[in-house]
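To convert, take the position in the sequence shown, counting from 1, and add 711; that gives our numbering.
From the three backbone atoms N, C-alpha and C, an ideal C-beta is built for every residue, glycine too.
Take a look at the structure set out below.
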Amino acid sequence: MLLIPRPLFRIPLLIFSIFLFFKFCYGIENTNKIESILLRSYKRGFELFLKTSRPVQIFSYSTSDPPTIKIEFKDSLAYQQKEQIVLEKNSSIDKIKLLKKPQEKAEEGVLVTHLVLELKRPLEYEIFKRDNTIALRLNEKSPPHKKKREIEPKKLKYKDSPERIIERDFIEFIKKARIRWQKEEETIKRLMAQIEREKYLEEKRLRKQERFR
């Protein structure tokens with residue numbers, strides 16, 4: 712019987728384990744996955760958060776009539792659950808679709824994913840991007856007679872560039888969203904604990920019944 716020294720046996724096993732790890736984490740095609748899509752309503756409109764497994768580059772975004780917002784990503788995005796996401800009732804958004812198509816003008820092999828939002832009525836929108844989170848803020852349009860309140864430069868705490876102000880607002884925006892997500896996770900954990908408790912009590916009751924038979 713041929714005996715293989717242990718150190719020589721461990722090296723191929725280690726290489727195979729690393730290969731399996733990367734295959735499990737990233738997949739063979741290294742597809743960028745949408746980890747979560749969160750839609751929340753507030754007083755003036757809606758906030759849509761899209762979290763991906765790695766940062767994604769936005770090509771462009773545009774609107775058309777009937778009111779549709781189309782965001783173009785330079786990546787092949789995959790959503791594990793449904794292509795059409797179920798939205799909350801009374802939402803201003805009719806549908807959210809993920810459409811994939813090859814980009815002819817881009818370099819060979821690059822895919823472009825379109826995130827299409829079909830709206831019930833025209834809304835003003837802002838797009839923020841930080842790391843692997845994309846936030847879309849949809850606001851009701853201001854009435855024509857009502858002027859938007861402009862912030863005077865002297866009211867700002869310190870002089871700053873418009874880009875820096877937008878970034879600061881976005882950080883606050885994400886902080887508030889994280890608080891909401893944490894509350895949602897706590898609620899889910901509490902419900903799961905309650906279900907486990909009820910399951911345990913039911914099993915205990917059944918065992919007690921069998922004992923007395």
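Across the structure, Val827 and Phe784 are spaced so that their CA atoms are roughly 11 Å apart.
The DSSP-derived three-state label of Lys781 is strand. Under the three-state reduction of DSSP output, Lys831 falls in the coil class, being neither helix nor strand. The Cβ atoms of Leu759 and Leu847 sit closer than 8 Å to each other.
Per DSSP, Thr898 has no beta bridge partner at all.
Counting along the chain, Asn850 sits inside the beta strand (DSSP E) bounded by residues Thr844 to Asn850. At a Cβ-Cβ threshold of 8 Å, Thr844 and Lys762 count as neighbours. Taking 8 Å as the cut-off, the Cβ atoms of Phe757 and Leu750 count as close.
Assigned with DSSP and collapsed to three states, Arg916 falls in helix. Taking the Cβ atoms as the reference, Arg841 lies roughly 26 Å from Pro778, outside the contact range of under 8 Å. Exclusion of the five residues before and after Asn850 leaves Arg755, Gly756, Leu834, Glu835, Tyr836 and Glu837 as the residues of its chain whose Cβ lies within less than 8 Å of its Cβ.
Partner residues in the beta bridge of Lys840, as assigned by DSSP, are Ile845.
As DSSP reads the structure, Lys762 sits in a beta bridge with Ser747 and Thr844. Taking the Cα positions, Glu829 is about 7 Å away from Ile780. According to DSSP, Ile769 shares a beta bridge with Phe784. Within its own chain, the residues whose Cβ lies closer than 7 Å to the Cβ of Glu746, once the five positions on either side in sequence are excluded, are Lys762, Thr763 and Ser764, listed in chain order.
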